Structure formats: C-alpha cells, structure tokens
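Participant: Dropping the structure in here first, questions after.
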Amino acid sequence: MLRAAGVGVGDEVIVPAFGNVEVAEAAAKAGAAFAFADIDPMTYCLDADAVEAVVTPRTAAIVAVHRFGRSADMMRLREVGQRHGLLVLEQGESEAPYDEIAQRRARAAYLDARLRGVRTPDGGDGHTYQQYVVRVPGNGRPDRDAFARAVRARGVECRVPVKTPVHRMAGFRRDVCLPETERAADETLVLPVDASLTKREMQRIVSACNALGGLVQPAF
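Quick note: the sequence shown uses this note's numbering, first residue 8, plus one each step.
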C-alpha cells in the first residue's frame, strides 16, 4: 500500500513502536525511513497528538494499528493527515464472529467486576476483547513478570503482549522518548477471556490474581 501510494526513498512513515515490527519493516521495504510516535495508554494505539509532534517535512504517511480489540482514533489521525497532507493507513485485526465477541465481552465484564490489584482495560469504543490486557502496577519497581510467574504457578495461562518495543530492537533502534510505550511494555499482561472458558476457570483467574494483590516482589 505504501509503494502503491508512491511512498519511497526520501520519505518518512510514522508508525507505533508498541509491537507490530512488521509495520516498520514495511516502511523500510518501501525504501522509506520510519519514525516512532507514542501510544494512547487507554487504547495502545497511536496517539494523534504524539503523531503530530513528530511530523517533519519528510513525513509522507501515518500507519495506525488497531490493538487488542480497540481501535485507533482514526478521526483525529485523519485530521492530522489532512493538516499536513499525509497518507493515513490502518492495519486492522482479524474479526471474530459476533457470538464469540459477545462471549468475550461477557467474560471481560466478569473480570472487570472482580479483579483487584491490577488495572483492567478500558472497555470504550466497542472493545471486542481480542485480548484482555491488564496493567500490573509496579509500585516503584517492575513486578509484572513476577506477577505473571506467580499466576502461572496457580494454573492460569497469561502472557506478555509486547516484550520489547520496536524502537529498542536491533535494527530498529531509535533514541526517542516514548513514555507510554515504555510503560505499557513494562506493565501489560494478557489474561484469558476465550469463549471456551468455563465459570470455574474464570473463578480461578480471579482467585489467582486477587491472591497476589498486583504487587509481587520481583525475583532477584
């Protein structure tokens, strides 16, 4: 799509650094440079103000990525694009059947009402809960990984959605200030909300997480 729009050598494409390394790779394969902008901490998608702050005369395009079942604010991103004459592209997620989305939302609502010690996701803008992403507050120290190990030890599957932001990866490294991206990479954890989960399994998730209180001492 970038090549088809004429984006190439001498151009710059603004992309997120919170996951999706293939987006930065696509800009590079088109012959363009890539620049990273910070994310909205509620949606984990590109923040329009952060995007506008990194626009330069070389900027030709913005690529927004929808994450975890939440959509980027395309209206505001398109406004930024119009002000600066930029191409605005979006990368979506595979859509689940309506019944599956409804069941995920029901399980997410169950967790929202019962989890303690973690910050539950914001459910606005038609969240489809492709992934149920919580924040594990560090209380001054990074304890998300210790929390994840302890939850797994209690029989609950969980995973870190983005272990290393793209701007810290070899080959993509940039000296940029992306505080929300860094914070999200340090704090986020995916808990299961699959449609196949039973009530007993949902209760186990709540029990395992609440027993830890969200503040586990890190392993040294």
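The beta-carbon is built from N, C-alpha and C at its ideal position, and this holds for glycine as well. All values reported here derive from a predicted model rather than from experimental measurement.
Tell me the DSSP secondary structure of Phe43 in three-state form.
Facilitator: Strand.
Participant: Going along the chain, which unbroken runs of the alpha helix (DSSP H) with 4 or more residues stay wholly within the region 24-106?
Facilitator: Qualifying alpha helix (DSSP H) stretches, in chain order: 28-36, 55-60 and 81-91.
Participant: Just to confirm before moving on: does the CB-CB distance between Ala192 and Val173 stay below 8 Å?
Facilitator: Their beta carbons are not under 8 Å apart, which means Ala192 does not touch Val173 by this criterion.
Participant: Hey, which unbroken runs of the beta strand (DSSP E) at 3 residues or more fall wholly within the region 145-176?
Facilitator: Fully enclosed beta strand (DSSP E) runs of 3 or longer: not present.
Participant: What does DSSP give as the partner residues of Val22 in its beta bridges?
Facilitator: In DSSP, Val22 forms a bridge with Phe43.
Participant: Between which residues of its own chain and Arg94 is the CB-CB distance below 6 Å, once the five residues before and five after are set aside?
Facilitator: Contrary to the premise, residue 94 reads as Leu rather than Arg in this sequence. The residues are Ala12 and Ala68.
Participant: Roughly how many angstroms separate the alpha carbons of Pro199 and Cys165, rounded to a whole number?
Facilitator: If I take the Cα positions, the gap works out to 7 Å.
Participant: By DSSP, does Val140 sit in helix, in strand, or in coil?
Facilitator: In this structure, Val140 counts as strand in the three-state DSSP scheme.
Participant: Using a Cβ distance threshold of 8 Å, determine whether the region 71-80 contacts the region 96-104, with at least three qualifying pairs required.
Facilitator: The region 71-80 vs the region 96-104: in contact.
Participant: On the DSSP bridge list, what partners appear for Val197?
Facilitator: Answer is Val140 and Arg166.
Participant: Would you kindly work out how many angstroms separate the C-alpha atoms of Leu196 and Glu59, rounded to a whole number?
Facilitator: Leu196 and Glu59: Cα-Cα distance of roughly 29 Å.
Participant: Would you tell me roughly how many angstroms separate the C-alpha atoms of Asp150 and Tyr136, rounded to the nearest one?
Facilitator: Cα to Cα, Asp150 sits roughly 24 Å from Tyr136.
Participant: In angstroms, rounded to a whole number, what distance separates the CA positions of Val140 and Val125?
Facilitator: Cα to Cα, Val140 sits roughly 10 Å from Val125.
Participant: What is the DSSP secondary structure of Arg126, counted as helix, strand or coil?
Facilitator: Correct three-state label for Arg126: strand.
Participant: I'd like to know if the region 181-192 and the region 41-48 are in contact, where contact means that at least 3 CB-CB pairs between them fall below 8 Å.
Facilitator: Result yes; three or more Cβ-Cβ pairs closer than 8 Å.
Participant: Closest to Pro144 by CA distance: which of Leu219, Ala55 and Asn27 is it?
Facilitator: Selected option, being the one with the closest Cα: Leu219.
Participant: Can you grab the Cα-Cα spacing for the pair Asp54 / Val22, in whole Å?
Facilitator: Between Asp54 and Val22, the C-alpha separation is close to 11 Å.
Participant: If you check the beta carbons only, do Val61 and Ala37 fall under 8 Å apart?
Facilitator: Cβ distance not < 8 Å, so Val61 and Ala37 don't count as in contact.
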